[in-house]
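Protein sequences appear in the order of chains A and B.
Okay, so the first sequence: first residue is 3 according to this note's numbering, each after it adds one.
Okay, so the second sequence: first residue is 2 according to this note's numbering, each after it adds one.
For each residue, glycine too, the CB sits at the ideal point set by N, CA and C.
Take a look at the structure set out below.
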Amino acid sequence: MINIENISKSYDGVLALDNISLNVKPGELFGILGPDGAGKTTLIRILATLIKADSGTGTLAGLDLVKDYRKIRTIVGYMPGRFSLYQDLTVRENLEFFANVFGTTIQQSYDLIRDIYVQIEPFNERRAGALSGGMKQKLALCCAMIHLPKVLLLDEPGTGVDPVSRKEFWDMLKHLRSTGITIFVSTANMDEAEKCDRVVLLQKGKLLASGTPSEITAAYPHPLYAVRANDMYRLINDLRTLDQAAGCYAFGEYAHLSMLSDNLNTKDIQHFLERKGHEDVEVLPTTANIEDCFIELM
Amino acid sequence: MRCSENWPGNEKDLNGRTAHITAYFTAHFTAHHTAHKMNRFAAFIKKEFRHILRDRRTLLILFGMPVVQVLLFGFVLTNEIKDAAIAVLDPSHDAQSIALTNKMVSSGYFKIEQYLNTPAELEQAFKEGSIKLALVFPNDFGHSLAHNNKASLQIIGDASDPNTATTLINYAQAIIGDYQATYNRASIPISIGAETHMRYNPEQKAVFNFVPGVMTLILMLVSAMMTSITLAREKELGTMEVLLVSPLQPIQIILGKTTPYLVLSFLNAVLVVILGIFIFGMPMRGSLLLLGAECFLYMFVSLALGIFISTRTKDQMSAMFFSALGLMMPTMLLSGFIFPRESMPWILQKIGMAIPATWFNPIIKGIMIKGVGLETLGVQTAVLGGMAIFFIAISLRSFKDRLE
Chain A
3 MINIENISKS YDGVLALDNI SLNVKPGELF GILGPDGAGK TTLIRILATL IKADSGTGTL
63 AGLDLVKDYR KIRTIVGYMP GRFSLYQDLT VRENLEFFAN VFGTTIQQSY DLIRDIYVQI
123 EPFNERRAGA LSGGMKQKLA LCCAMIHLPK VLLLDEPGTG VDPVSRKEFW DMLKHLRSTG
183 ITIFVSTANM DEAEKCDRVV LLQKGKLLAS GTPSEITAAY PHPLYAVRAN DMYRLINDLR
243 TLDQAAGCYA FGEYAHLSML SDNLNTKDIQ HFLERKGHED VEVLPTTANI EDCFIELM
Chain B
2 MRCSENWPGN EKDLNGRTAH ITAYFTAHFT AHHTAHKMNR FAAFIKKEFR HILRDRRTLL
62 ILFGMPVVQV LLFGFVLTNE IKDAAIAVLD PSHDAQSIAL TNKMVSSGYF KIEQYLNTPA
122 ELEQAFKEGS IKLALVFPND FGHSLAHNNK ASLQIIGDAS DPNTATTLIN YAQAIIGDYQ
182 ATYNRASIPI SIGAETHMRY NPEQKAVFNF VPGVMTLILM LVSAMMTSIT LAREKELGTM
242 EVLLVSPLQP IQIILGKTTP YLVLSFLNAV LVVILGIFIF GMPMRGSLLL LGAECFLYMF
302 VSLALGIFIS TRTKDQMSAM FFSALGLMMP TMLLSGFIFP RESMPWILQK IGMAIPATWF
362 NPIIKGIMIK GVGLETLGVQ TAVLGGMAIF FIAISLRSFK DRLE
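In structure tokens:
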């Protein structure tokens, strides 16, 4: 559905995208994961035909990103990273406006947006600027898909939204995908990336890895342990001094310790920590998540 | 018209929409799949009017500004002078000096604030600011005039306000010249005096100058500044991105954004003309239709300039700044509205010729005051038309349908 080859883009000599190629299949929920400044917005804007790549080619639904940009604009739904609806118009007025711009009406598209729209419909007469972050994103999504787009381009829809609304939003995306719409979504959030069918990791304009979330985590090269003790800060510092330690980072109440080899088992690590005076030590073998992979690849 | 091609919509659609909106209120979004092809253009205009009506500041600028400007220029910034306070130091105190003083007062321009006895009092009166002008007669004014056929007197103006001082001294000299002419006529059979006569505006009413001036300013303000701000706002808030990634063509976005302001500008022009005629007694001697048509021409030029500015700016503040600095200031200062173009340095006169108001101002004056038609205003109209085509072409070219 989306196919780009060797796309590069730089701003004032700074490379924002470095030779990116990727391929999104029809009906896929495809994620780009990367920290701020990785080039996610640039990539989405290139797909939305808002900017041109310096080099490389790409097609969306078989249409050329540069030559056929007018046609592409009629079949994509685009949701920018910043809330970009009219704050001084009400929910209904916003929706009505975008429906009319795309030559449809709220009624005609009602079935399409119903699942999302029922949640904001009670606030029909409220101005968009007065909505909560989660509500704003739901309204923006409604507006972006009111014309039954073939491809949805969503730039960090989960940013600035509370965890509950974010989960609801992603449930909606999964539901939408089941209707056959191809969804291309960027995120800086590892949890969101794990909900995608396929994901690419983007860092400083370079593609680090791509595949299904499980393919990416399965490719993690080191033995990995989840370690817990009373003093997390001291724990991490001590673990990093451990012979053969590749890295150690905090994940909630556990620290993830990766080892260059499996010379040491969980007992050895536990003894090491107890000798250092740590209390309530717990060491478990664990599997890598996307974030571990990201840190490893960085 | 091209519009109707771009926005397929007709009577039936409009009726259909009314029905559709009613259905929405009653059935509350029951999904009925009647084909409604709502007019895109109408939707855009509706949205734009909502923005305008919901923003108090915009409303204030749109409708408060013209009224305030007309009234301000009308009542405050008038350069007519009446009853200016003067002082007279007249040690000779003879028939001639008294007659001349009386002639001054009866002109209506001057009223005597005080009679002075010594030159020291003169200094005092100027320092207090109680007088604008002083007449100082010599000891032997009448005597000298009778025996030597000439006499001199001093007119002293308060040049801390140079414009007023110059005007008053001109008035005073005219009155003295007049007096001299009548005196000559009595003694010498023939005397030739240059007589000036101000045509069209014999009383030199300032209103004849500022009503057209305010009109050029207001139309520029609403058409150019408001358009550039409203377009820059879409960019600043990121909604332009969303509009661009839609089936809307750039020309549709531009027309949708500017049409409401075109309508409002025209309402403003009507408002200024009505205020000018009914409050300040401005005449309307020419064709209203022609005036309206010329207003539209000028508004097109202004709109195009506004669009052009918006393509070069990223946010509302800079759009406002550039419109104010690049359009409003020259319109006010260089078009001949406040300062006469004839007295400007050569280079400023040339720059002034690039300003639409320089050409529009004589058009309004010509139609309203002189009652002339296109046969005399052809050049100005042609120049404005040329500017309209030029700037519309430039602004359409520089309107980017991508983000870079």
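Strand pairing of residue 22/A, partner residues [DSSP]: Here residue 22/A refers to the residue found at position 20 of the first sequence. DSSP output for residue 22/A lists 9/A as bridge partner(s).
Per-residue DSSP class, three states only, for residue 85/A: Locating residue 85/A in the first sequence gives position 83, counting from the first residue. Coil at residue 85/A, not helix or strand.
Where residue 385/B falls, given that 16 or more other Cβ within 10 Å makes a residue buried: Within the second sequence, the letter at position 384 stands for residue 385/B. Answer is buried; the Cβ neighbour count reaches 16.
Minimum Cβ-Cβ distance from residue 397/B to chain A less than 8 angstroms: If you number the second sequence from 1, residue 397/B lands on position 396. Proximity of residue 397/B to chain A, defined by a Cβ-Cβ separation below 8 angstroms, is not satisfied.
Within 8 angstroms, strictly: CB atoms of residue 173/B and residue 157/B: Position 172 of the second sequence, counting from 1, holds the residue named residue 173/B. Position 156 of the second sequence, counting from 1, holds the residue named residue 157/B. No, the pair does not count as a contact, with Cβ atoms beyond the cut-off.
Residue span of the alpha helix (DSSP H) that contains residue 336/B, given as start and end: As a first step, residue 336/B is located in the second sequence; it is residue number 335 there, counting from the start. Per DSSP, residue 336/B is not a residue of any alpha helix (DSSP H), being assigned neither H nor E.
Chain-ordered neighbours of residue 264/A on chain B, where CB pairs are closer than 8 angstroms: Here the question's residue 264/A lines up with position 262 in the first sequence. Under the 8 angstroms cutoff, chain B gives no residues; its nearest Cβ is about 51 angstroms from residue 264/A.
Neighbour list for residue 315/B in chain A, Cβ cutoff strictly below 7 angstroms: Your numbering for residue 315/B matches position 314 in the second sequence. Result: empty, since nearest Cβ-Cβ is about 14 angstroms, beyond 7 angstroms.
Chain-ordered chain B contacts of residue 43/A [CB-CB under 9 angstroms]: Along the first sequence, one-based indexing puts residue 43/A at 41. Here the premise fails: no neighbours, minimum Cβ distance about 10 angstroms.
Residues near residue 377/B in its chain [Cβ-Cβ closer than 7 angstroms; skip 5 each side]: Residue mapping note: residue 377/B aligns to position 376 of the second sequence, counting from 1. Contacts found: 367.
Selection from 126/B, 235/B and 109/B that minimises the alpha carbon distance to residue 85/B: Numbered from 1 along the second sequence, position 84 holds the residue referred to as residue 85/B. That would be 109/B, whose Cα lies nearest to the Cα of residue 85/B.
Where residue 198/A falls: helix, strand or coil (DSSP): Here the question's residue 198/A lines up with position 196 in the first sequence. Under the three-state reduction of DSSP output, residue 198/A falls in the coil class, being neither helix nor strand.
C-alpha distance - residue 250/A paired with residue 26/A, whole-angstrom precision: Stepping through the first sequence from its first residue, residue 250/A is reached at position 248. Stepping through the first sequence from its first residue, residue 26/A is reached at position 24. Rounded to the nearest angstrom, the two C-alpha atoms are 34 angstroms apart.
Helix, strand or coil at residue 369/B according to DSSP, with G and I counted as helix: For the purposes of this step, residue 369/B is taken as the residue at position 368 of the second sequence. Of the three classes helix, strand and coil, the one that applies to residue 369/B here is helix, per DSSP.
Any alpha helix (DSSP H) of 4 or more consecutive residues that is wholly inside the region 19–66 of chain A: Here the runs fully enclosed are 42–49.
Residue environment, residue 348/B, which counts as buried when at least 16 other CB atoms sit within 10 Å: Stepping through the second sequence from its first residue, residue 348/B is reached at position 347. Counting every other CB atom within 10 Å of its CB across the protein chains shown gives residue 348/B a total below 16, marking it as exposed.
Proximity test, Cβ basis, 8 angstroms: residue 118/A and chain B: Numbered from 1 along the first sequence, position 116 holds the residue referred to as residue 118/A. No - not a single Cβ of chain B is within 8 angstroms of the one on residue 118/A.
When 231/A, 227/A, 181/A and 83/A are compared against residue 281/A, the one with the closest alpha-carbon: Taking the first sequence and counting its residues from 1, the one referred to as residue 281/A is at position 279. Among 231/A, 227/A, 181/A and 83/A, the Cα nearest to that of residue 281/A belongs to 231/A.
Chain-ordered residues of the region 41–65 of chain A with a beta carbon less than 8 angstroms from chain B: 47, 50, 51, 52, 53 and 54
Near-chain A residues of the region 233–260 of chain B (beta-carbon distance less than 7 angstroms), N- to C-terminal order: 238, 239, 240, 242, 243, 245, 246, 247, 248 and 249
Neighbour flag for residue 90/A against chain B, beta carbons, 8 angstroms: Indexing the first sequence from 1 puts residue 90/A at position 88. Taking Cβ atoms only, chain B reaches closer than 8 angstroms to residue 90/A, which makes this a yes.
Spatially closest choice to residue 140/A from 48/A, 163/A and 127/A, by CA coordinates: Reading the first sequence from its first residue, position 138 is the one you call residue 140/A. Ranking 48/A, 163/A and 127/A by Cα distance to residue 140/A puts 163/A first.
For residue 146/B and residue 91/B, the rounded distance between their alpha carbons: By one-based count along the second sequence, residue 91/B stands at place 90. By one-based count along the second sequence, residue 146/B stands at place 145. Answer to the nearest angstrom: the Cα atoms are 15 angstroms apart.
Length at least 4, wholly inside the region 215–284 of chain A: the alpha helix (DSSP H) runs in chain order: 215–220, 234–242 and 268–277
Proximal residues to residue 39/A (C-beta, below 8 angstroms), its chain only, five neighbours per side dropped: Stepping through the first sequence from its first residue, residue 39/A is reached at position 37. Cβ within range, chain order: 206.
Sequence-distant residues of the same chain with beta carbon closer than 7 angstroms to residue 389/B, five excluded per side: Working through the second sequence from its first residue, we reach residue 389/B at position 388. The residues are 298, 301, 302 and 305.
At least 3 beta-carbon pairs within less than 8 angstroms: the region 106–122 of chain A vs the region 70–90 of chain A: no
C-beta contact flag for residue 224/B and residue 309/B at 8 angstroms: Translated into positions along the second sequence, residue 224/B becomes position 223. Translated into positions along the second sequence, residue 309/B becomes position 308. Their beta carbons are not under 8 angstroms apart, which means residue 224/B does not touch residue 309/B by this criterion.
Classification of residue 276/A by the beta-carbon crowding that lies within 10 angstroms, buried from 16 upward: Translated into positions along the first sequence, residue 276/A becomes position 274. Under this definition residue 276/A is an exposed residue.
Rounded C-alpha distance that separates residue 307/B from residue 176/A: Working through the second sequence from its first residue, we reach residue 307/B at position 306. Working through the first sequence from its first residue, we reach residue 176/A at position 174. Cα to Cα, the separation comes out at about 45 angstroms.
Backbone CA spacing between residue 183/A and residue 147/A [nearest angstrom]: The sequence position of residue 183/A within the first sequence is 181, counting from 1. The sequence position of residue 147/A within the first sequence is 145, counting from 1. Cα to Cα, the separation comes out at about 10 angstroms.
Contact check, residue 176/B vs residue 105/B, beta carbons under 8 angstroms: The residue labelled residue 176/B in the question sits at position 175 within the second sequence. The residue labelled residue 105/B in the question sits at position 104 within the second sequence. Contact flag set, yes.
Residue 157/A, enclosing alpha helix (DSSP H) - first and last residue: Sequence index remark: in the first sequence, residue 157/A carries index 155 (1-based). Note, residue 157/A: premise wrong, no alpha helix (DSSP H); beta strand (DSSP E) at 153–157.
Neighbouring residues, chain A, relative to residue 44/B (Cβ below 7 angstroms): For the purposes of this step, residue 44/B is identified with residue 43 of the second sequence, where counting begins at 1. Going along chain A in sequence order, the residues near residue 44/B (Cβ under 7 angstroms) are 99, 102 and 103.
Whether residue 186/A touches residue 17/A by CB criterion (8 angstroms): Along the first sequence, one-based indexing puts residue 186/A at 184. Along the first sequence, one-based indexing puts residue 17/A at 15. Not in contact: residue 186/A and residue 17/A (Cβ atoms no closer than 8 angstroms).
Pair within 8 angstroms by beta-carbon distance, residue 215/B and residue 71/B: On the second sequence, position 214 is the one that residue 215/B refers to. On the second sequence, position 70 is the one that residue 71/B refers to. Contact flag set, yes.
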